[in-house]
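Asks: What follows is a single structure, and I will ask about it in a moment.
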Amino acid sequence: MPSLSYPFLERLAYIRNFGLNKYKTKEEFIEFLHSKEIDISQRTLNRDFDNLKIFGFSVVYESQRKGHIITDEYADEKNLLDRYIELTTLKSFKENYSDYYQKYVIDHESKSEGVDLITDIFDALDKDLTIKFDYQKFNNEFSNREVCPLQMKVSQNRWYILGLDIDQNAFRAFGLDRIKKLKIGSEFNPKEIDKSVFEDLEIQKFCLGVNKPIFDEKKKEEIVLEVSDFLIEYWKSKPIHFTQDVTDSHENGFNTVKFILIPNLDLIKLIVSSLGEIKLTKPRTLKDYISSNYSDALRSVYE
């Protein structure tokens, strides 16, 4: 993968937007980019298609239509490409206008820690290379890790690398803000990784956050929540998951919202920390689990 400069990211965004859910020939892509004063070859376009796949997009050629279609099946409202562009722009702004930023901006949320690692991580993802780093635990101690990176994920403004922890021989998620001294390691063969790791990777698409599922079945379920009028407008503007479906059902100041999710601790935290702004309707198994483990503190979830 080339350097993740802004012109490169801008070109990827143009290609993504032009071919998103539409069949376009390579000639049409190149002609469109030319209209934006960006000239590239078919070879460069092929590499850009591969780079879009790293950002989580599907790029498929259909011979009958003689064109490529770009889809974003698992994206939230903002996908990795958009989030990275925003993060890079924010970091550049903070650095170039640091005096103004500190003087005029109250910022306790935007996080650019780890952004400098993303270029190397994407390069490792692109070339199937391991990454080695020191990882800061919650007790502030560091441990040495070597990982076969498979995908990245953004949750609650934090970036994570998902992959195989070689020493543990297990799927793990690592927050970029806790990674230090990252180095590129040796080449690995994804086909030699146990299929259970890729199953865990697929599970992550249907989990909030990066915590493991709470049930052994690890199956996708319809999650039905009643969300207050106060909170629903925020969810409409910033969906919390790509399966979010805000229905037309509204009663007593609450709106019915449906998801397809695999229940995990992050989902429970979302519900129980809402102070009554979110109520769980179904599934019954999840209601029983919360009732058994958090009944004293969280009676408002069901009332």
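279 is the number of the first residue of the sequence shown in the numbering used here; add one for each residue after it.
By construction, the Cβ of each residue, glycine as well, lies at the ideal position given by its N, Cα and C atoms.
Counting beta carbon pairs with one atom in the segment 496-504 and one in the segment 533-542, are three or more of them shorter than 8 angstroms?
Replies: Touching, yes.
Asks: What does the Cβ neighbour count give for serine 421, buried or exposed, with the cut at 16 atoms within 10 Å?
Replies: On the sequence shown, position 143 is the one that residue 421 refers to. Exposed, because fewer than 16 other Cβ atoms sit within 10 Å of the Cβ of serine 421.
Asks: When the Cα of threonine 408 is compared with those of Glu465, Asp328, Val524, Trp437, which residue comes out closest?
Replies: Translated into positions along the sequence shown, residue 408 becomes position 130. Comparing Cα positions, the closest option is Glu465.
Asks: For threonine 397, which option in Glu480, Ile332, Ile549, Lys514 has the closest C-alpha, if you only look at C-alpha atoms?
Replies: Along the sequence shown, one-based indexing puts residue 397 at 119. Nearest C-alpha to threonine 397: Ile332.
Asks: Taking the alpha carbon of isoleucine 399 as the point to measure from, which residue in Gln342, Lys459, Phe449 has its own alpha carbon closest?
Replies: Translated into positions along the sequence shown, residue 399 becomes position 121. Cα-wise, what sits closest to isoleucine 399 is Lys459.
Asks: What do you get for phenylalanine 493, buried or exposed, if any count of 16 or more other CB atoms within 10 angstroms of its CB means buried?
Replies: Position 215 of the sequence shown holds residue 493. Label assigned to phenylalanine 493: exposed.
Asks: Near tyrosine 292, which residues of its chain fall below 8 angstroms by C-beta distance, leaving aside the five closest residues on each side in sequence?
Replies: Your numbering for residue 292 matches position 14 in the sequence shown. Within the same chain, tyrosine 292 has close Cβ partners Phe310, Leu311, Lys314, Ile316.
Asks: Closest to aspartate 412 by CA distance: which of Lys405, Ile457, Lys431 is it?
Replies: The residue labelled residue 412 in the question sits at position 134 within the sequence shown. Looking at the Cα atoms, Ile457 is the closest of the given residues.
Asks: In terms of residue numbering, what span does the alpha helix (DSSP H) encompassing serine 569 cover?
Replies: Here residue 569 refers to the residue found at position 291 when the sequence shown is read from its first residue. Run containing serine 569: 562-572, per the alpha helix (DSSP H) assignment.
Asks: I need the boundaries of the beta strand (DSSP E) containing serine 313, first residue and last residue.
Replies: Residue mapping note: residue 313 aligns to position 35 of the sequence shown, counting from 1. Looking at the DSSP string, serine 313 is not in any beta strand (DSSP E); the run it does join, the alpha helix (DSSP H), is 304-313.
Asks: First and last residue of the beta strand (DSSP E) that includes aspartate 478?
Replies: Taking the sequence shown and counting its residues from 1, the one referred to as residue 478 is at position 200. No beta strand (DSSP E) holds aspartate 478; the alpha helix (DSSP H) holding it covers 473-482.
Asks: Distance check for isoleucine 546 and asparagine 571, CA to CA, integer angstroms please.
Replies: Translated into positions along the sequence shown, residue 571 becomes position 293. Translated into positions along the sequence shown, residue 546 becomes position 268. One C-alpha to the other measures close to 11 angstroms.
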